[in-house]
Every structure is written in structure tokens, then in C-alpha cells.
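Reading through the C-alpha cells given below for one structure.
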């Protein structure tokens, strides 16, 4: 994250076939910041008071997560806190319950989540397969696991579950890496920092500035294996993912070689990125260097932060997008299918547009529902005085939105996506989800030391779409690791994945949204569960929310608002 040159120092697969080809054309959607109107009043507190402590620049993440199981996405926002000895301020994480009418109610205290901690990230999933979504919150200091008791009540079970990991954690992801039907937990850790270990760094030889991560030793990420009895065991070393030199900020789940076992990509800050290939025996092997994703084209490690994996080019293979430091560009590693990735960003608009941006959050999502995956990037520098040494770079920076035009090409759509997308901010975490029930994907963006943004998607609902929630029975209940794609006579859509992690310290919703453009009916749904069993399900109309349960097929249907765009 911090390399400032000027500062000097088992998968589930799903195939959906449709009977109409073609993509909708027309104006692209815009985004409107509706946080205030929706009742989201959260403001992040970094604790900054002039001491220039490293964690103050990191911000915190957020999530779209259905905590009460009513089918509507609630919002969780992670917070920092004041430093010891400073005046206390009420700065705890916030849980907002969706009121089903475009507004939210703060239920943090009622839920038992008003816990003071210097929070960083969140990963949400049903780790005990009881049908309720639990919350893992990473922090500077002890991380917390909150078990969902139902009735909007959570219990802190960190100590009994043995997942405290008291370091400087960032992003985390729930993943069933050993395919035993229970969700395990991967936690990234950053550097060995504390107030006692804080170092003096300076630009002018007099005034303290924020240090780069090179000033501190790294911390190994942690892999916890779910024992199935409410406890976890630390298998980091045994699984082959111990890395004392790591300075990890982002993690993405993917199956990079399409062998049916989930791999892990880890974005490191000023250290080589890691691509941990699942060896199918409870261990991993780092193939990042041979795959071409550990370094940039010049052989240098970049400042990796947020990361996501997706089949953006419709090749059937998951590629990677990674947020990096200013003057480093976003990375777009295209999966060539032979074990090698090639960075497409330097020769594309993505590289040019992101060169002077410092990107934390980054992910793929289909914001216009045309069936192609677009890219969102949340930007903001770590140095509030960066303009004094690099006049072309600002502290607050607008996001970036890249529209997928097909055939591996993108256009910069930021300027046409509405005023909210042009507003400079010190963005950190970001997630996508359909909070208002209209079937398109809205955005949640966290701001370091500032108010959270809820960006409503306006215009994508004119296209057809299908939302699907998968429920595992033999596999983990959240069906994390599911892959899905839409096929039709004009070609195939990208494969989509049910996942946790990705972005930066944040989590997007788990239901899968298929953008269908002008396509108005699905011919069939083919589901391949982790054990290889295939279920072929009957076709259905578009503009619905489906629930598909393992071994039971489609168990529920709910209508979405009909597309306002004619397909005739």
C-alpha cells in the first residue's frame, strides 16, 4: 500500500442456458449517493490526532450482509477508535437493518455489536451451518467472531472458537478449502506495529510523516480449519501458507486452474503477491512467481491492496484485478489458461486512468446488467499532504468505473456515472449488493475518517436479470465456491462465483446476479455441486429471485420489478 517514491523511504458449478441472444444497448446507469436519505449516518474514526500512527491511513471496510435472513441486504460498517489517552468518542462498528423501503435502522446496540475495537475488515458467513450468518471482524489487536443467535442477537465467541489472531489483521475470507462441508477461515495480517514500536519517519527532516510498511516487519496470514464443533485449529504452517515476510491486505477466492478446488490469491504490500494453489490434500503451494502474478512486468513487487477474481472475458477462467499504489496502476491479470497470467492494464484504459490513483477497493461486478463484468475501484491516498511533494496527486480521489465492452476491452465510464462517482473521497473498503430490491447492484463505499457512502444504481433495472441464492446441504450451507454462467445462442456469459473476501476489508452480497440484457427467459439451470453431482433444473422467466437448494432444486421464487425496457 505504501510505496511512495517521493517520500524517500470444492467448487460448485452452475450453467444457465437462455433462448434469446443479444445485449441491451442504450445509456449506462448512474449512481446517486443516498446514504443520508437511507438513514446511514456512520462516520469512520481513524483516531488521528497528529502522531501519524500507521493504522490511521488504513481505513476500514464494510459489507452487504443479510443478518436476519429476510432476503434483504443489511449493512455492516467497521470502525476504528480513539488512541489510548485521547478523549473517548463513541466509535464502534455499526449494523444497519434493512427496512425494505430504501431505508435502514441502526440496530448495533440491540445486536450486541457495540464493541470498542480498532476494527479493520469483515467477513460474513454461516460457519456453523445453522442457517444464520455470522460475522468475523478483523482488527488491530484481537479479532472478533460474533455468532448469530437469531433475533438480531450476536454473541462474541472469539475465545471459545480460538480465532482471536491478535496481530494487525486486514481482509479475511471464509472458504471450505478441504471440501468437508465446513467453512474454514483465512485471515490476512499486515505488519508488526504497535504504539510502542512506532517509528519516526519524515519528509523534511523535522516533521513526522506516515512511515511506509518497509519500516516494519511483516506478519504471516493465518489459516484456521473448522473442526465442526464450534472451534477452529490453526493450520497455517501445516497447510503451507505460513509467510513471515507477508504484508497482506487483500485475499480473493478462485479456482485458477479449474480443478474443482478453491485456491487463494493474497495481495501483499511491497512484498510479492501469493497465489496459493490447492493441492487437494489439505495443503497449498505458492505458484505466484511461475504464474506471473507475484511482481509487475519489471520484476518489482507492488503495493497490493484490494483484489478480486472473476471470469471477466467469458473465457471460463478467473482473472484478477488488484488495487495498487499511485504510479503503479491497477493490475488486470488475464488468466491465459496455461498456468500463466498476463497484465492487460498497462496497454489499456485501466492502466492509464489509474496511474495517478491509489486504489484500495477493487472488484468485478455487472453494474449495467448486460451480462459482462465491469470493474469498480475505490481510491484515496494515504498521505494527507501528498500534493506538496507530488502536485498531480491528491489525497481525496474520485472512484473509477470501467465498463466492459466485450472482447476484453473496457471504457472509462466514471464521467458518465453521475455526480456521486465524480466526488473525491479517501475511499477504502467497498462492496456491491442490491439493497433496495430492484435487482441491480448498488455500491457501499467506506471513507477513511469520513462518512460512508451508499450509491444507488439508477438505470440498470431496465435490463432483465435473475438473482439466485444457493443453499448447501451436503456442502457448506452458504454454498461458497459455487460457479455459475449464462449461455445462449449468441455466446456465453462469464462464470460467476459465490464467495466471501475480495475487495479490501469488505464483503459483497452472496446471492448471484445474472445480468441478462434483453434476454427474458432461462431455458435450463444446470448445477454441479462439490462432489460432482449434476442437477439439471427446468427453465424460468427472468426478473426473479430464486433459491436453489442442494438436492432439492428450486425451492422458492420471488418476483423482481419487471424490466422497463422493451425486448421487442
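In my numbering, the protein residues as written are 7 to 574.
Note that the Cβ used here is the ideal one computed from N, Cα and C, for glycine as well.
From a predicted model like this one, the values you see are computed outputs, not experimental measurements.
Subject >> Cβ shell of residue 559 (< 7 Å), same chain only, five flanking positions each side left out >> reply: 541, 543
Original post:
How many angstroms separate the CA atom of residue 386 from the CA atom of residue 85?
Top reply: 18 Å
**OP:** Using 10 angstroms around the beta-carbon of residue 285, count the other beta-carbons present and answer buried if the total reaches 16, otherwise exposed.
**Re:** exposed
**OP:** Within its chain, find whatever has a CB closer than 8 Å to the CB of residue 28; leave out the 5 residues flanking it on each side and keep chain order.
**Re:** Its pLDDT being 42, under 50, residue 28 is placed unreliably by the model, and nothing is read from it.
Original post:
With which residues is residue 565 paired in a DSSP beta bridge?
Top reply: 550
Original post:
Going by the CB atoms, is the gap between residue 510 and residue 312 shorter than 7 Å?
Top reply: yes
Subject >> contact_flag[the stretch 177-188, the stretch 198-211] where n(CB pairs < 8 Å) is 3 or more >> reply: no
Original post:
Going along the chain, which residues of its own chain have a beta-carbon closer than 6 Å to the beta-carbon of residue 5, five neighbours each way excluded?
Top reply: Nothing can be reported for residue 5, as the shown portion of the chain is limited to 7 through 574.
Original post:
Exposed or buried, which one is residue 378 when buried takes at least 16 other CB atoms within 10 Å?
Top reply: buried
**OP:** Would you mind reading off the limits of the alpha helix (DSSP H) that contains residue 428?
**Re:** 425-428
Original post:
Buried or exposed: where does residue 97 fall if 16 or more other Cβ atoms within 10 Å of its Cβ makes it buried?
Top reply: buried
Original post:
Which ranges would you report for the alpha helix (DSSP H) in the stretch 46-124 if only whole runs of at least 4 residues count?
Top reply: 114-117
Subject >> Beta-carbon proximity list for residue 170, same chain, < 7 Å, skipping 5 on both sides >> reply: 148, 149, 164
Subject >> Candidates 361, 551, 319, 231, of which the one nearest residue 446 by Cα >> reply: 551
Original post:
With a Cβ-Cβ cutoff of 7 Å, do residue 576 and residue 434 count as a contact?
Top reply: In the structure displayed, the chain extends from 7 to 574; residue 576 sits before or after that span and is not available.
Original post:
What residue does the beta strand (DSSP E) around residue 360 start on, and which one ends it?
Top reply: Note, residue 360: premise wrong, no beta strand (DSSP E); alpha helix (DSSP H) at 355-360.
Original post:
On the premise that residue 278 lies in contact with residue 256, defined as a C-beta separation below 8 Å, what is that separation, rounded to the nearest angstrom?
Top reply: Their Cβ separation, rounded to whole angstroms, is 14 Å, which puts residue 256 and residue 278 out of contact at 8 Å.
Original post:
How long is the line joining the alpha carbons of residue 124 and residue 547, rounded to whole angstroms?
Top reply: 47 Å
Original post:
Under a three-way DSSP split, which group does residue 415 fall into?
Top reply: strand
Subject >> Per-residue DSSP class, three states only, for residue 276 >> reply: coil
Original post:
Helix, strand or coil: which one does DSSP assign to residue 654?
Top reply: Outside the shown range of the chain (7 to 574) lies residue 654, about which nothing can therefore be said.
Original post:
residue 532 lies in the beta strand (DSSP E); which residues open and close that run?
Top reply: 527-534
Original post:
Is residue 231 buried or exposed, if buried means 16 or more other CB atoms sit within 10 Å of its CB?
Top reply: buried
**OP:** On a CA-only basis, which of 459, 414, 441 is nearest residue 404? Give me that one, please.
**Re:** 459
Original post:
Hey, out of 464, 444, 436, 303, whose CA is closest to residue 453's CA?
Top reply: 436
Original post:
Which two residues bound the contiguous beta strand (DSSP E) that contains residue 220?
Top reply: Here residue 220 belongs to no beta strand (DSSP E), and DSSP marks it neither H nor E.
Original post:
Under three-state DSSP, which class holds residue 165?
Top reply: helix
Original post:
From residue 212 to residue 206, what distance separates their C-alpha atoms?
Top reply: 10 Å
Original post:
Closest to residue 3 by CA distance: which of 359, 401, 390 is it?
Top reply: Residue 3 is absent from the model: the chain starts at 7 and stops at 574.
**OP:** Find the nearest neighbour of residue 247 within the set 194, 275, 204, judged by alpha-carbon distance.
**Re:** 194
Original post:
Whose C-beta lies closer than 7 Å to the C-beta of residue 44 among residues of the same chain, with five residues either side of it excluded?
Top reply: 108, 109, 110, 460
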